[in-house]
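Engineer: First, the structure itself, so that you have it in front of you.
Number of protein chains: 2
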Amino acid sequence: MRDAVALDRLEVWKQKGQDLSKCPVRHVLDHVAAKWTTLILMELSKGPARFNAIGRALPDISKRMLTQSLRDLERDGLIAREVFPTKPPSVEYRLTEMGLSLLGPLGALIDWAELHASPIAEARRAYAAG
Amino acid sequence: MRDAVALDRLEVWKQKGQDLSKCPVRHVLDHVAAKWTTLILMELSKGPARFNAIGRALPDISKRMLTQSLRDLERDGLIAREVFPTKPPSVEYRLTEMGLSLLGPLGALIDWAELHASPIAEARRAYAAG
DNA sequence: CGGAATCCCAGCCGATACTG
DNA sequence: CAGTATCGGCTGGGATTCCG
Chain A
1 MRDAVALDRL EVWKQKGQDL SKCPVRHVLD HVAAKWTTLI LMELSKGPAR
51 FNAIGRALPD ISKRMLTQSL RDLERDGLIA REVFPTKPPS VEYRLTEMGL
101 SLLGPLGALI DWAELHASPI AEARRAYAAG
Chain B
1 MRDAVALDRL EVWKQKGQDL SKCPVRHVLD HVAAKWTTLI LMELSKGPAR
51 FNAIGRALPD ISKRMLTQSL RDLERDGLIA REVFPTKPPS VEYRLTEMGL
101 SLLGPLGALI DWAELHASPI AEARRAYAAG
């Protein structure tokens, strides 16, 4: 059929009888999944930005979710948070090297999605119709 | 900083003031997000399989979620469902060409996750430590 | 400015039981 | 074999309010 070498990594984990929720691969997938983290990584790919700047760039995000998403990404070492003791204090977020390296694979996925957007929409219509 | 050509596709959508939930890119991301669809695509990358065969390969999935996940993938044209009028009836699922083409980008993401699994785990420990 | 705390609901998802 | 039906818990995430 096709060599699915990469996919077998998940397979191996599954066959070890491990808890799927602790699989490290799932963890990354969950970031991609999370409603906002992809957008945030995208925004930061343009350069470091401050809390409210990111918020303004993503109009529909609440402060609550922005905070939480930033924490999640920081926790996993994908972005770094730096506080400047100005008055009032400002906080800057930027991609780490690891976060930067994620943009490649993530971009590939987004490219695929863009390329297949209309076939998918078509498939949905066809499915709904019959 | 870095060319983020791919990522700008999402950006464009956002700036059009569109509802993010209807962005076609999000549809794909949601599949990746969903707890089981990635595993199912993985399993089917090895070749066509029947309902219960997939279920046995993914021991922790319930029939309910298996059905639902298969429907989701079928709805978007990533897998195809074929019923054989045997006795008792059997149903076979296989990747479509579009589904097959998703394995590449998805595999790249999984490779990245596998490669950075331990740095991420390390970052989490460091973060938890304070 | 950059958050934290609280309330609350929609939906995801698991368990269980039933069907053609 | 390949589903469908129903119930219910858990949590993601929106709205709002308060704080250093």
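One line per chain: the protein sequences are A and B, in this order. Going by full-length UniProt numbering, the first sequence opens with residue 1, and the numbers climb by one from there. Going by full-length UniProt numbering, the second sequence opens with residue 1, and the numbers climb by one from there. Note that CB positions come from ideal geometry on N, CA and C, so glycine has one too. Bear in mind that the values here come from a model prediction, so they are computed numbers and not experimental data.
Listed from N- to C-terminal order along the chain, which residues in the stretch 79–103 of chain A have their beta-carbon within a distance smaller than 8 angstroms of any beta-carbon of chain B?
Structural biologist: The residues in question are 98, 100, 101, 102 and 103.
Engineer: Starting from the C-beta of residue 103(A), find all residues in its chain whose C-beta is less than 6 angstroms away, skip the five residues before and the five after it, and write them out in chain order.
Structural biologist: Within the same chain, residue 103(A) has close Cβ partners 45.
Engineer: Taking 6 angstroms as the limit between beta carbons, can you name the residues of its chain near residue 58(B), skipping five residues before and five after?
Structural biologist: Correct list, in chain order: 39.
Engineer: Is residue 100(B) near residue 106(A), with beta carbons less than 8 angstroms apart?
Structural biologist: No; because the gap between Cβ atoms is not below 8 angstroms, this pair is not in contact.
Engineer: With DSSP as the reference, please indicate the residues paired to residue 84(A) in a beta bridge.
Structural biologist: 90(A).
Engineer: Could you name the residues of chain A that residue 77(B) contacts, counting a contact when the two beta carbons are closer than 9 angstroms?
Structural biologist: Going along chain A in sequence order, the residues near residue 77(B) (Cβ under 9 angstroms) are 116, 119, 120, 122, 123, 124, 126 and 127.
Engineer: Is residue 61(A) helix, strand or coil by DSSP?
Structural biologist: In this structure, residue 61(A) counts as coil in the three-state DSSP scheme.
Engineer: Between 23(A), 28(A), 126(A) and 13(A), which has its C-alpha nearest residue 131(A)'s C-alpha?
Structural biologist: The requested residue 131(A) is not part of the displayed model; chain A covers only 1 to 130.
Engineer: Suppose contacts are defined by Cβ-Cβ distances below 8 angstroms. Is residue 33(A) in contact with residue 77(B) by that definition?
Structural biologist: No, these two residues do not count as a Cβ contact at 8 angstroms.
Engineer: Run through DSSP, which three-state label would residue 121(A) get?
Structural biologist: In this structure, residue 121(A) counts as helix in the three-state DSSP scheme.
Engineer: For the stretch 84–99 of chain A and the stretch 47–57 of chain A, state whether three or more C-beta atom pairs, one from each stretch, are separated by less than 8 angstroms.
Structural biologist: As far as the Cβ criterion goes, the stretch 84–99 of chain A touches the stretch 47–57 of chain A, which means the pair count is three or higher.
Engineer: Who are the near neighbours of residue 84(B) in its chain, counting only those whose CB is closer than 6 angstroms to its CB and skipping five residues on each side?
Structural biologist: Closer than 6 angstroms at the Cβ level, and outside the excluded window around residue 84(B), lie 90.
Engineer: Need the endpoints of the alpha helix (DSSP H) that residue 105(B) sits in, please.
Structural biologist: From DSSP, the alpha helix (DSSP H) with residue 105(B) extends over 97–115.
Engineer: For residue 10(B), tell me which candidate among 125(A), 112(A) and 121(A) has the shortest Cα-Cα distance.
Structural biologist: The shortest Cα separation from residue 10(B) among 125(A), 112(A) and 121(A) belongs to 112(A).
Engineer: Can you name the residues of chain A whose CB is closer than 8 angstroms to the CB of residue 33(B)?
Structural biologist: Neighbours of residue 33(B) on chain A, chain order: 29, 30, 32, 33 and 34.
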